[in-house]
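Have a look at this one:
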């Protein structure tokens, strides 16, 4: 061999498969078996889903697999390979963090790959560079990928992609953003039939379904499901209050837990404090800063409405460990790698097992490090939820997520996207669309309707040029013929629909806008007048003026803060966690909870004992119902433990069915544990409740639910979102956004036009389905009714509110009283109830009860119900404004008595 040949051989880079073990060894790492399994599957051209514990290396399982398959080290060439890997993430913060993680091993492995980032935060110069040449690996979001598909050269730009990774798949599968991903993957598979797709997740309860949705269109023999069972210590504990009380109501502990939270933060290096809503995060951030002024600069606030620069600063501080604590919302839920984070505090109920696990994973985010999440209860029953959540985590009961079915507004948007991205031929595109799981059952008639809709706006909008968005050319290829419509579509791509927001900026003395603080909902600012103060970004601000969708503010020295409220603040309790709560209550009553493993027990037991003394506890085999007479009327408290959304549907359904048979008006109040029906007129609940519960098996559930809830108004509200996604309503150009009122008016006009002149419009039907499936969770409501039908009805007659009914009464009072009056009223009620209850462990059993099965009423009973159809009163979704009395007596015998059976016989069933 010549010297030159020997030198060339020596300079040839070693294969990546040889270099990679050395790279791991240099860091003291050892690949996990599940990572090796993923690498082998990718090398064989297989697609799959990785489900592994947070912080165990899912990112490198997929990324290094891609490098092993496509990224052999280059000897001479300095030109990076073309776009090869697309990495989809659901959040911008996660995208930036992922891009850094992907970049880290490239230089060490001798690869000349480039990694780029494209999200809503990407600057114009970077976008221009990407327009000329895309990086080898692009980290992006579903919305930005759809925008790339609108490029005229989309096939040339994206046609060489060989692998797509969908990170945090559990966050996308159950919503329209996930459907967007499905359609984009179907398009990429058409261009690259051997495309490899991998999904990453840590919190999925239905892995087979999640895999089927993601890999629809991939042959079964090329699919793989990888379960990374890596031992990792997970600690779920509770921050115990000094006293919890026997009568819970939402938030009554709240900020009284502040000293406890301060102590926990003080004893840890870096802590994330999670709140469920942005308004709660604002309150807690300010309270913590007031409690510990010395933490200024070490304590930060993070939520999605804050300015990007603020969020970036907070995330950088978490990574470097310079921040003591960050008060945050779901904006930091997902897999951002904050290695210094030692503790996670969850203030209030996590509402679901998956969410608790996801947030727990933000601490100890590395193999071998324990993850710890501490639940901070804001009311007494959340102590029960904490125990239930811990048991559910230990049992591995994680919520399932399912793909939406045929959202036509997303498909309509995708048709315009594809028409911009080179155009389409309908028959070929139909086969492609049906390859997406959500549209696997799309009919020819539905497809033709969608084509007609983008071509001329359907049958009712054909006279308007703005709705002739896509037209076939002389070759039969459908394209967007109008540059203006193309620009409007690109500005509207996406399925995230929220109320119009206003920029919040400081007001300068020169009369010009200063630094940006973030955004707040337009509806909130509309309720303020210049001079009013509000809390935002942890600052007390005074509104100066509103101009051109911008709220100008200045620092306020004094004034009463008004906290901004964002939509989506009330998340319903999941089925898995609700079932665990019922099981925990039953076990506590039966003495089955191990005190050594349940430190919450001493605080829970007084509530459990009093509920048993005055009434009963719900169990896995009984449905607890309580009735109470007061000056306000006849109360019924029902405890299905099915979550707020289901209780709203169930309460309204029962109220409507009852109101349609009796000349009375029924008001409804709900929380996550139960519901209350209130009749101003005397009502024999023992007679009517079994009948209206049993009607579900004789009447159409969907029709009854829609009739009970003013379905027209609910459908209109859903249609506003559908109109924006489908392109019926344009939100305006930058600097000239339409107001929320304008958008609502436009959407309402379309809704009425379609109802009157195009009743077969499929978007109307979609709005109705979304009301049922998303707002009311009709499937869960149906399952709940089926479950209740198999339970024994345990009906108790009360003398005064019980620990379980008291929070429902407070829900009503919130609607009719100011904050000050509410506090005074609750204080008086609590004093009366505590006097009646006596010291803990004493007091008589005052409830009278009966237990009956919920059975099918015979035909003659149905006829009897029909004869009462004298009025058509639908139950309202909120209480009336009449005054109430919480109890008729404040005294109680100290003797314990067995509950007596009610003397009145039940009606025959």
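In full-length UniProt numbering, the protein residues as written are 1 to 909.
Where is the CB? At the ideal position from N, CA and C, for every residue including glycine.
Nonlocal neighbours in the same chain, by C-beta distance under 6 Å from residue i, ignoring five residues either side
i, result
"residue 590", "none"
"residue 805", "626, 637"
"residue 357", "203"
"residue 103", "115"
"residue 20", "none"
"residue 681", "664"
"residue 177", "142, 495"
"residue 471", "481"
"residue 574", "352, 399"
Segment limits, beta strand (DSSP E) that includes residue i
i, result
"residue 676", "675 to 679"
"residue 117", "115 to 118"
"residue 501", "501 to 507"
"residue 156", "Element bounds for residue 156: not the beta strand (DSSP E) but the alpha helix (DSSP H), 154 to 158."
"residue 373", "371 to 376"
"residue 470", "Premise fails: residue 470 is in no beta strand (DSSP E) and is neither H nor E."
"residue 687", "Where residue 687 is concerned, there is no enclosing beta strand (DSSP E), although the alpha helix (DSSP H) it sits in stretches over 685 to 694."
N- and C-terminal bounds of the alpha helix (DSSP H) containing residue i
i, result
"residue 545", "Segment 539 to 547 is the beta strand (DSSP E) holding residue 545; no alpha helix (DSSP H) there."
"residue 587", "575 to 589"
"residue 395", "381 to 395"
"residue 491", "483 to 492"
"residue 134", "Per DSSP, residue 134 belongs to no alpha helix (DSSP H) and is neither H nor E."
"residue 146", "142 to 149"
"residue 228", "Counting along the chain, residue 228 falls outside any alpha helix (DSSP H), though it belongs to the beta strand (DSSP E) covering 223 to 228."
"residue 46", "Neither: residue 46 is in no alpha helix (DSSP H) and is coded neither H nor E."
"residue 328", "Where residue 328 is concerned, there is no enclosing alpha helix (DSSP H), although the beta strand (DSSP E) it sits in stretches over 325 to 328."
"residue 432", "426 to 434"
"residue 450", "444 to 456"
"residue 208", "207 to 214"
"residue 413", "408 to 420"
"residue 657", "644 to 659"
"residue 186", "176 to 191"
"residue 613", "601 to 614"
"residue 357", "353 to 360"
Beta-carbon proximity check, residue i vs residue j, cutoff 8 Å
i, j, result
"residue 270", "residue 264", "no"
"residue 519", "residue 305", "yes"
"residue 383", "residue 604", "yes"
"residue 43", "residue 68", "yes"
"residue 90", "residue 171", "yes"
"residue 86", "residue 38", "no"
"residue 261", "residue 344", "no"
"residue 951", "residue 580", "A question about residue 951 goes unanswered here, because the residues of the chain that appear run from 1 up to 909."
"residue 113", "residue 154", "no"
"residue 240", "residue 48", "no"
"residue 299", "residue 325", "yes"
"residue 249", "residue 200", "no"
"residue 216", "residue 413", "no"
"residue 32", "residue 56", "yes"
"residue 813", "residue 825", "yes"
Contacts around residue i, its chain only, beta-carbon distance under 8 Å, and the 5 residues preceding and following it disregarded
i, result
"residue 883", "Residue placement at residue 883 is flagged as unreliable, the pLDDT there being 30, under the threshold of 50; the coordinate-derived value follows with that caveat. Same-chain partners within the cutoff: 631, 632."
"residue 868", "At residue 868, the pLDDT of 26 sits below 50, so the modelled position is not reliable; the number obtained from the coordinates is stated separately. Excluding residues within five positions, the ones whose Cβ falls inside 8 Å are 661, 662."
"residue 554", "506, 507, 541, 542, 544"
"residue 905", "Its pLDDT being 31, under 50, residue 905 is placed unreliably by the model, and the measurement read from it follows with that caveat. Here the set comprises nothing."
"residue 174", "401, 402, 403, 404"
"residue 212", "437"
Close Cβ partners of residue i (< 7 Å) along its chain, the five nearest in sequence each way excluded
i, result
"residue 307", "516, 517, 518"
"residue 64", "20, 39"
"residue 539", "555"
"residue 692", "654, 657, 658"
(request) Quick one: which unbroken alpha helix (DSSP H) runs of 4-plus residues sit fully inside the segment 736 to 823? Chain order, please. (result) Fully enclosed alpha helix (DSSP H) runs of 4 or longer: 740 to 757, 762 to 770, 778 to 789, 806 to 816.
(message) For the segment 344 to 353 against the segment 313 to 321, do three or more pairs of beta-carbon atoms, one drawn from each stretch, fall closer than 8 Å, so that the two count as touching?
(response) no
(request) Return the chain-ordered ranges of every beta strand (DSSP E) run that is complete within the segment 237 to 320 and spans a minimum of 3 residues. (result) 271 to 274, 299 to 302
(request) Taking 8 Å as the threshold, find out whether the segment 179 to 188 comes into contact with the segment 139 to 157 through three or more Cβ pairs. (result) yes
(message) For the structure I just gave you, are there three or more beta carbon pairs, one from the segment 62 to 74 and one from the segment 148 to 160, closer than 8 Å?
(response) no
(request) Return the chain-ordered ranges of every alpha helix (DSSP H) run that is complete within the segment 27 to 105 and spans a minimum of 4 residues. (result) 33 to 43, 58 to 70, 92 to 103
(message) Taking 8 Å as the cut-off, does the segment 477 to 487 touch the segment 413 to 420 (at least 3 CB pairs, one atom from each stretch)?
(response) yes
(message) Three or more C-beta pairs under 8 Å: does that hold for the segment 792 to 809 against the segment 613 to 621?
(response) Verdict: yes, contact present.
(message) Quick test of the definition: if touching needs 3 or more C-beta pairs under 8 Å, does the segment 742 to 750 touch the segment 780 to 790?
(response) no
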